[in-house]
Every structure is written in C-alpha cells, then in structure tokens.
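Start counting the sequence shown at 34; every next residue gets the next number (my numbering).
Glycine included, C-beta positions come from ideal geometry on N, C-alpha and C.
Worksheet for the structure shown next.
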Amino acid sequence: MTLPSRNSPLPEPMIVPRRRDPGPQLRALPGVQPRRGGMENFPPPALRSAPLPQPPVAPAPMQRARVITVTSGKGGVGKSSLVANLAVAMTRLGKSVLAFDADLGMANLDVLFGVRPQYTLYHVLKGKRDLPGILVGGPPGVKFIAGGSGMAELADLDPATMETLLASLRRLETYSDVLLIDTGAGLSRNVLSFVRAADEVLLVTTPEPTAMADAYGVLKTLALEGPQVPRTSLVVNKVRDPEEGLLVARRFIKVAREHLQLKVDYAGFVLEDENVSLSVRRQKPVVMLYPNSYASVCINNIVAGLFDSPPPEIPANRPGFIERLAGLFRRA
Ligand SMILES: Nc1ncnc2c1ncn2[C@@H]1O[C@H](COP(=O)(O)OP(=O)(O)OP(=O)(O)O)[C@@H](O)[C@H]1O
Ligand SMILES: [Mg+2]
Numbered sequence: 034m035t036l037p038s039r040n041s042p043l044p045e046p047m048i049v050p051r052r053r054d055p056g057p058q059l060r061a062l063p064g065v066q067p068r069r070g071g072m073e074n075f076p077p078p079a080l081r082s083a084p085l086p087q088p089p090v091a092p093a094p095m096q097r098a099r100v101i102t103v104t105s106g107k108g109g110v111g112k113s114s115l116v117a118n119l120a121v122a123m124t125r126l127g128k129s130v131l132a133f134d135a136d137l138g139m140a141n142l143d144v145l146f147g148v149r150p151q152y153t154l155y156h157v158l159k160g161k162r163d164l165p166g167i168l169v170g171g172p173p174g175v176k177f178i179a180g181g182s183g184m185a186e187l188a189d190l191d192p193a194t195m196e197t198l199l200a201s202l203r204r205l206e207t208y209s210d211v212l213l214i215d216t217g218a219g220l221s222r223n224v225l226s227f228v229r230a231a232d233e234v235l236l237v238t239t240p241e242p243t244a245m246a247d248a249y250g251v252l253k254t255l256a257l258e259g260p261q262v263p264r265t266s267l268v269v270n271k272v273r274d275p276e277e278g279l280l281v282a283r284r285f286i287k288v289a290r291e292h293l294q295l296k297v298d299y300a301g302f303v304l305e306d307e308n309v310s311l312s313v314r315r316q317k318p319v320v321m322l323y324p325n326s327y328a329s330v331c332i333n334n335i336v337a338g339l340f341d342s343p344p345p346e347i348p349a350n351r352p353g354f355i356e357r358l359a360g361l362f363r364r365a
C-alpha cells in the first residue's frame, strides 16, 4: 500500500484482500443466489437484496432493550471492533442502539468511535454526574457509555453507592432497542456478571485453538456456576474463508453439546480483513468507512441473522437486566 503524502487528500484506501476467494456466501452479495451446501442461510434474506437503508432516527421505545453482551475467553479476538460495528450495522436495520463499554480498566469503545468523552461511568460512580450526563453520541443512531478506569471499582462499591448507580443505570433499559455490552476478556467476576445478566451472549473466538479453548472455558464456567446460561451464539472472527468459520463453529458447538449439555448457536463469521485495522486507525467502524469490504459484509450478515431469529423468550416476570446485574453483584 502506498502511503499518502502529508498534503495529499486522504485516499479511500480500502484494501481488497489478496487471499483466497471469500466463498460463495459473500460473492453472492447482493442479489445473486448463494450456492447451496452447508450455509444456505448466508446471507440472511434481509441482506440478499438491495443495499441497506440509511440510518433512521428511531424514537426511543418504552419497552426493555434487548441486551446483548459480547465476550470472549482470550483477549484481542475482536470484541470491541465487533461491538462498534454491530452497533452501526444495527442502526441501519432501524434499531436504536446503546453501547456500553464494560471493559473494566481497558475501555476503548470511545477510541473506536473516534469520540473523546469528557465523563465516563467513573464520574457516575463518584457521584459527580448522573447517567444522562455521561451518554455520548457516537455514529448516527448510536449512543454509548464510556467505561473508565474507575469501572474497576464497581466490584468494591458499598451497597448504598451500588444502589444509587443501579437506580441510574435502570433507565438504560428503556432507552434503546438494543443494549450492546462490550466486556473485557476472560473469567473475571465482572465479566461473568455482565454475561449472566444479558438476554443473549455473543461469544467471540478466532480459529486459533487457544482462543477456542478459552471461549470454551467461559462457557464451562457459566455452566458450572448454574443452570441458567443465557442464549449463546458463537462469532468466529478473523477467518480465512467461510468454510473455516463453519468448521470452527461445528467443532465448538459439538463439544459444548456433548461436554456441557449446552446449546450454542452460530451467529456467523468475520473474515480477516486489513480494512478492520485500517478503520481502527482512522477511528471509524469499518462498516462506515468501507461498507463494501469483506468484514463489513460479514458484520451485516451477523446483524441480519440476529434480527431474523426471534429474540430469546424472556419470562414476563424475569427481572430486568439491571436487576439481574445487581443481584449478581450483591451475591458475590
Ligand atoms: N476481522 C478482522 N480482521 C482483521 N483484524 C481484525 C479483525 N477483527 C479485529 N481485528 C483486529 O484485532 C485487534 C484486536 O481487536 P479488538 O481490540 O476489537 O479485540 P478485543 O477482543 O476487544 O481485545 P481486548 O480483549 O483487549 O478487549 C485490533 O487490532 C483489530 O483491528
Ligand atoms: Mg476490547
């Protein structure tokens, strides 16, 4: 890639991967029938035709948001990039999205969105701001709550402060259609609490055996802690081609079923694509900067799949996300 000179206007440096053909599922986009054989459902119907519509400004509904927590066992598998891009892709399906950076200590959604929030959850914890005072506008249709180093103190809050925080967090539940939570990697109690409290979980892995083993470790810990594991779907990131994603997913789903008696769904794959890191450097989600890149098409597929299938059934008397989260923190 030739780098632009300092004074030249910024080029549109979308990189077309030189690796193998990405496969029929992606070649088929848009409007061409995908080849049959294993992944007929890719891309989901919502994406088989015209380009996605422009982001509408959706009014905030009064019903509870669908709470999706994105997590992984191993670090660096692409959770935060995924959250930033899922958020934008969801707005293009008409959803209002609130992204919540719950990566304690290593929060970086703000960087991925190219926004510098003045206040973070830390200031709420310290009683210096209320929640509406820290909501930050990201890309159109996306609001987010920036984490801060003080988030790590969440675990040590005294009950009174915790109640105050939860009371203000409670408002989040009706604020958007989707509450998308980015967690840190691994098995810390904080991460597991955000996972347990969610309606559904996107468990991210790459094809590396270490990442798969660590993702399995998360699932195993959840299964051992109690029978109520939220609906979990696997995202296989940084794959060479769709077949690799499918292979990883099949293996993972089989092991989870046989050893943990847990049903894991396959949310989809994201091709390894240099446009992702290029977008990170330019601090804009790849679906905005390079909407036709392989990674963007994959992310749109995942989002369409999520909204194609009905959300998990939540019993009417099930406490809301914040209540569940509060319960988990209280129990610890
Ligand atoms: N599909 C992809 N293709 C190429 N690079 C990717 C892809 N997805 C993510 N990356 C790159 O992988 C790196 C890690 O991504 P990211 O920070 O999103 O991971 P993470 O799981 O949130 O990490 P952490 O566990 O530290 O929070 C980044 O440099 C990002 O650009
Ligand atoms: Mg991250």
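| Query | Result |
| --- | --- |
| Using the Cα positions of Val65 and Gly111, report the straight-line distance between them to the nearest angstrom. | Note that Val65 scores 29 on pLDDT, short of 50, meaning its location in the model is unreliable; the coordinates nonetheless yield the value given after this. Val65 and Gly111: Cα-Cα distance of roughly 29 Å. |
| Can you list, in chain order, the stretches of the beta strand (DSSP E) that have 3 or more residues and sit fully within the stretch 94-159? | 99-105 and 130-135 |
| Select from Pro173, Ala256, Gln151 and Gly174 the residue whose C-alpha is nearest the C-alpha of Gly166. | Gln151 |
| What is the C-beta distance between Tyr249 and Phe285, in whole angstroms, given that I count them as a contact (C-beta under 8 Å)? | 7 Å |
| Counting only the same chain and skipping the five closest in sequence on each side, list residues whose C-beta sits under 6 Å from that of Gly278. | Val269, Val272 and Phe302 |
| Need the endpoints of the beta strand (DSSP E) that Thr216 sits in, please. | Val211 to Thr216 |
| On the DSSP bridge list, what partners appear for Glu233? | Ile101 and Arg264 |
| State yes or no: is the C-beta of Glu305 nearer than 7 Å to some heavy atom of ligand 3? | Within the structure as shown, ligand 3 is missing, the only ligands being ligand 1 and ligand 2. |
| Put Lys287 into one of helix, strand or coil per three-state DSSP. | helix |
| Going by beta carbon distance, what residues of the same chain come within less than 8 Å of Leu252, once the five residues before and after it are set aside? | Leu236, Val262, Thr265, Ala289, Leu293, Leu295 and Val297 |
| Does Asp298 come out as helix, strand or coil in the three-state DSSP assignment? | strand |
| Does the count of Cβ pairs from the stretch 131-148 and the stretch 312-328 closer than 8 Å reach three? | yes |
| Run the CB neighbour count on Thr216, radius 10 Å, all protein chains shown included, and call it buried at 16 or more, exposed below. | buried |
| Count the other CB atoms within 10 Å of the CB of Glu305; is the residue buried (16 or more) or exposed (fewer)? | buried |
| Quick one: using the 10 Å Cβ neighbour count with 16 as the cut-off for buried, is Asn325 buried or exposed? | exposed |
| Got a sec? Which residues, its chain only, sit under 7 Å from Pro172 by beta carbon, not counting five neighbours each side? | Val121, Phe146, Pro318 and Met321 |
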